[in-house]
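**Q**
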Ligand code: GDP
Ligand code: MN
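Residue numbers (our numbering): 385 to 782.
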């Protein structure tokens with residue numbers, strides 16, 4: 385059996401991704417030095433902000449993806465007029481499939497050195513782990529790949545927190561000058577507090593810039609928040625930018641479905657996260673690839689099935705739909721009704737009847753009733769998961 389790529393499936397579902405300017409607002413509240421900056425949604429606004437700042441500025445695309453610099457989404461502007469022009473170029477730009485709707489206009493800093501400092505919640509050690517490198521800036525991924533010895537790690541004991549001597553030890557991995565290392569130790573402590581108190585799964589500054597006069601500045605910031613903890617952080621939850629997220633994921637959240645879009649061709653509708661993972665692994669095992677992770681949950685609500693079908697059929701890559709329902713609290717007859725209702729609504733819609741093949745595996749509570757409902761519309765349910773998965777892949781390949 386191939387290794388289950390479960391962490392890959394889970395990584396996008398569990399986090400709230402916020403923009404650079406939002407992360408830096410939080411950093412500033414914790415005392416870190418962030419260049420004065422403001423967000424613009426038009427080139428005119430960008431010019432006004434640059435006039436107010438009265439300095440050279442950087443105009444930066446605000447999208448939920450790294451590597452904006454290399455993609456042309458970060459540009460220096462010496463005058464307000466130039467800020468207008470750069471904003472005009474960047475707004476509307478496509479960066480790795482995301483459209484730029486807003487730019488950050490930040491006071492430019494003169495860069496003598498760029499370091500990387502970051503913290504992630506590490507599943508293996510079950511601790512917050514610092515990663516720092518004196519070789520920061522836009523090529524940190526390459527540093528991690530080619531010269532991993534240049535990245536220093538430290539797992540923090542959750543009960544003790546980051547101890548002052550640990551902060552200093554990390555700081556001296558980055559800087560020789562004790563004055564600068566002292567500032568860095570303070571920033572590392574502030575970043576740790578930000579990370580813990582925000583229930584973040586990632587917090588990073590890249591670059592942490594040293595200016596020629598020896599001051600440290602957080603020039604770029606990134607934070608991911610564990611969305612199971614968002615009920616504690618209404619202020620952070622309000623930072624959610626629906627326009628910057630995958631539209632189908634937004635629709636799924638509104639329908640109370642756990643959904644993660646993937647790149648494959650088998651649309652999966654499953655009840656229970658564990659079964660959903662197992663289904664995706666089995667699709668992979670039999671040579672297919674899942675178009676999504678989707679958990680309709682344990683409730684008996686046909687509306688959820690309808691919402692799930694709408695979301696899946698809106699993905700043009702999907703070649704077949706696979707239902708895998710193990711009836712416990714979820715009742716098979718409710719799911720069957722949901723499937724029939726969804727098919728009728730789709731048939732009545734502008735595109736006419738659904739053209740995709742559907743394979744259904746249905747066992748458990750009210751199974752007989754569920755099968756009867758499906759038979760009325762000429763749908764057949766299989767008993768075993770392996771059968772259903774293989775059929776879906778076969779029909780999808782036709
Ligand atoms: P990223 O590419 O998405 O990580 O965006 P960053 O905000 O990290 O910017 C990329 C690079 O642009 C940085 O590593 C810097 O080299 C450069 N940069 C960003 N802001 C400034 C600035 O204020 N002044 C100067 N001189 N360069 C900057
Ligand atoms: Mn960066």
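Note that the Cβ used here is the ideal one computed from N, Cα and C, for glycine as well.
Are the CB atoms of residue 696 and residue 733 within a distance shorter than 7 angstroms?
**A** In this structure, residue 696 does not lie closer than 7 angstroms to residue 733 by Cβ.
**Q** What runs of the beta strand (DSSP E), each 3 residues or longer, lie entirely inside the segment 424–451?
**A** Qualifying beta strand (DSSP E) stretches, in chain order: 441–445.
**Q** Answer yes or no: the CB of residue 631 versus the heavy atoms of the ligand HEM, is any distance below 6 angstroms?
**A** This structure lacks the ligand HEM; the ligands present are the ligand GDP and the ligand MN.
**Q** With a CB to CB cut of under 8 angstroms and the five nearest residues on each side skipped, what residues in its chain are close to residue 663?
**A** Only 652, 654, 674, 706, 708, 769, 773 meet the Cβ criterion.
**Q** Please classify residue 766: does DSSP put it in a helix, a strand, or coil?
**A** Residue state, collapsed to three classes: strand.
**Q** Hey, is residue 591 close to the ligand GDP, as in C-beta under 6 angstroms from one of its heavy atoms?
**A** Checking the Cβ of residue 591 against the ligand GDP gives yes.
**Q** Return the chain-ordered ranges of every alpha helix (DSSP H) run that is complete within the segment 657–727 and spans a minimum of 4 residues.
**A** Segments of the alpha helix (DSSP H) lying fully in the segment 657–727: 657–669, 686–697.
**Q** Here's the rule: buried if 16 or more other CB atoms are within 10 angstroms of the residue's CB, otherwise exposed. What is residue 735?
**A** Classification for residue 735: exposed.
**Q** Comparing the C-beta of residue 401 with each C-beta of chain B, is any distance below 7 angstroms?
**A** Absent here is chain B; the protein component of the structure consists of one chain.
**Q** Is the segment 445–461 touching the segment 480–488, taking contact as three or more C-beta pairs under 8 angstroms?
**A** These segments touch.
**Q** Give me, in chain order, the residues of the same chain whose beta-carbon lies closer than 6 angstroms to that of residue 586; leave out the 5 immediate sequence neighbours on both sides.
**A** 504, 608, listed in sequence order.
**Q** Helix or strand or just coil, what does DSSP make of residue 527?
**A** DSSP places residue 527 in helix when its eight states are reduced to three.
**Q** Would you call the segment 609–628 and the segment 400–413 touching, i.e. three or more CB-CB distances under 8 angstroms?
**A** As far as the Cβ criterion goes, the segment 609–628 touches the segment 400–413, which means the pair count is three or higher.
**Q** Would you mind reading off the limits of the beta strand (DSSP E) that contains residue 506?
**A** Residue 506 -> beta strand (DSSP E) spans 497–506.
**Q** Just grab the DSSP bridge partners of residue 639 for me.
**A** DSSP, once it has assigned bridges, lists no residue as partnering residue 639.
**Q** With a CB to CB cut of under 7 angstroms and the five nearest residues on each side skipped, what residues in its chain are close to residue 528?
**A** Closer than 7 angstroms at Cβ, skipping near neighbours: 535.
**Q** Alpha carbon to alpha carbon, how far is residue 432 from residue 729? Give it in angstroms, no decimals.
**A** In a straight line, the C-alpha of residue 729 is about 50 angstroms away from that of residue 432.
**Q** Just how far apart, CA to CA, sit residue 409 and residue 583?
**A** Those two C-alpha atoms are separated by around 16 angstroms.
**Q** Would you decide whether residue 715 is buried or exposed? Buried here means 16 or more other CB atoms lie within 10 Å of its CB.
**A** Looking at its Cβ environment, which holds 16 or more other Cβ atoms inside 10 Å, residue 715 is buried.
**Q** If we ignore side chains and look at the alpha-carbon of each, how far apart do residue 390 and residue 513 end up?
**A** Any answer about residue 390 is weak, because its pLDDT of 38 lies below 50 and its placement is not dependable; what the coordinates show is given next. Cα to Cα, residue 390 sits roughly 21 angstroms from residue 513.
**Q** Name the residue from 438, 485, 421, 437 whose alpha carbon lies nearest to the alpha carbon of residue 626.
**A** Of the candidates 438, 485, 421, 437, the one whose C-alpha sits nearest the C-alpha of residue 626 is 485.
**Q** Check whether the segment 716–726 touches the segment 680–692, counting contact only when three or more Cβ pairs, one atom from each stretch, lie closer than 8 angstroms.
**A** Output reads yes: the segment 680–692 touches the segment 716–726.
**Q** What residue does the alpha helix (DSSP H) around residue 615 start on, and which one ends it?
**A** It is not in any alpha helix (DSSP H) - residue 615 carries neither H nor E in the DSSP assignment.
**Q** Thinking C-alpha only, which one of 418, 660, 458, 467 is nearest residue 436?
**A** It is 467 whose Cα lies nearest to the Cα of residue 436.
**Q** Just checking residue 604 against the ligand MN - is the residue's beta carbon closer than 6 angstroms to any of the ligand's heavy atoms?
**A** Yes, since a heavy atom of the ligand MN falls inside the 6 angstroms radius drawn around the Cβ of residue 604.
**Q** Under 7 angstroms between the Cβ atoms of residue 411 and residue 488?
**A** Not closer than 7 angstroms, so no.
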